[in-house]
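One line per chain: the protein sequences are R and U, in this order. Using the working numbering, read the first sequence as starting at 1 and increasing by one per residue. Using the working numbering, read the second sequence as starting at 120 and increasing by one per residue. First up is the structure itself, then whatever we jot down about it.
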Amino acid sequence: DAKTTQPPSMDCAEGRAANLPCNHSTISGNEYVYWYRQIHSQGPQYIIHGLKNNETNEMASLIITEDRKSSTLILPHATLRDTAVYYCIVSRSIGAEMYSGGGADGLTFGKGTHLIIQP
Amino acid sequence: DAGITQSPRHKVTETGTPVTLRCHQTENHRYMYWYRQDPGHGLRLIHYSYGVKDTDKGEVSDGYSVSRSKTEDFLLTLESATSSQTSVYFCAISGGQGVNQPQHFGDGTRLSIL
């Protein structure tokens, strides 16, 4: 899997948009960008993923640059409960039709960004 | 939350004893994974399964074995626990309809080997 680079920590004011950057300059054409977060002592929580188009769901938006070498996770209205470590991960698709013989990828978690939402 | 239950949630045991951790899912997903999380290392894949009786090794599989006798259960066994296996263990599942379905994680098992 390609490696990612994220800032170790960021602050954001409550109610403002939190923009978390991620560099993945060695990403391959068949690798997706996934974002997870982990609140202290809980299991990682899936947020969003994308291949090359921007994506939005009820939690966040994902902006991927045209060359796919970097992306930004946007939490539009951060709350105190969004304080967590955010992980940007690139990984191949694990659709069953691609890996019918096995070989599903584990996710490689780096150190992530510790996002602190300030009241 | 995805229907994933890990048991036990906490366990303290002694070096040399066997330990089995259980991951149970209610989503009927094909893929199941075991990770461990240690300070300074992030999450690391131990073993994964791509179907009943189909398993493979991950990055840190030494000292661990797994079994999957039915879709809903994935067991992780430490045959003879060592202090270096003190960690938080997370199970994950993925599958369902469509391609590139993300992995969803359980709440973890905190294991201490004394």
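Built from N, CA and C at the ideal position, the CB exists for glycine as well.
When beta bridges are read from the DSSP output, Glu31(R) appears opposite Arg92(R).
Looking at Ser70(R), Pro76(R), Tyr87(R), the one whose alpha-carbon comes closest to that of His24(R) is Ser70(R). Identification of residues in the region 18-51 of chain R having a C-beta nearer than 7 Å to some C-beta of chain U yields Tyr32, Tyr34, Gln42, Gly43, Pro44, Tyr46, His49, given in sequence order. Contacts with chain R at 8 Å (Cβ-Cβ) include His223(U). Per DSSP, the beta bridge partners of His49(R) are Tyr34(R). At a cut-off of 8 Å between C-beta atoms, Lys111(R) counts as an interface residue with respect to chain U. Per DSSP, the beta bridge partners of Thr72(R) are Pro21(R), Ile63(R). Ranking Asp173(U), Arg163(U), Arg149(U), Thr228(U) by CA distance to the CA of Asp181(U) puts Arg163(U) first. Contact with chain U is absent for Leu115(R), since none of that chain's Cβ atoms lies less than 8 Å from the residue's Cβ.
Under the Cβ distance rule, Phe193(U) does not count among the residues neighbouring chain R, no pair being separated by less than 8 Å.
In this chain, the beta strand (DSSP E) harbouring Ser188(U) covers 184-189. Looking at the DSSP output, Ile123(U) bridges to Gln144(U). DSSP places Leu194(U) inside the beta strand (DSSP E), whose first and last residues are 192-197. Put simply, the region 34-46 of chain R touches the region 77-93 of chain R. At least three CB pairs are less than 8 Å apart. The three-state secondary structure of Arg16(R), taken from DSSP, is coil.
Spanning the alpha carbons of Pro76(R) and Glu14(R) requires a straight line of approximately 10 Å. Secondary structure of Ser41(R) (DSSP, three-state): coil.
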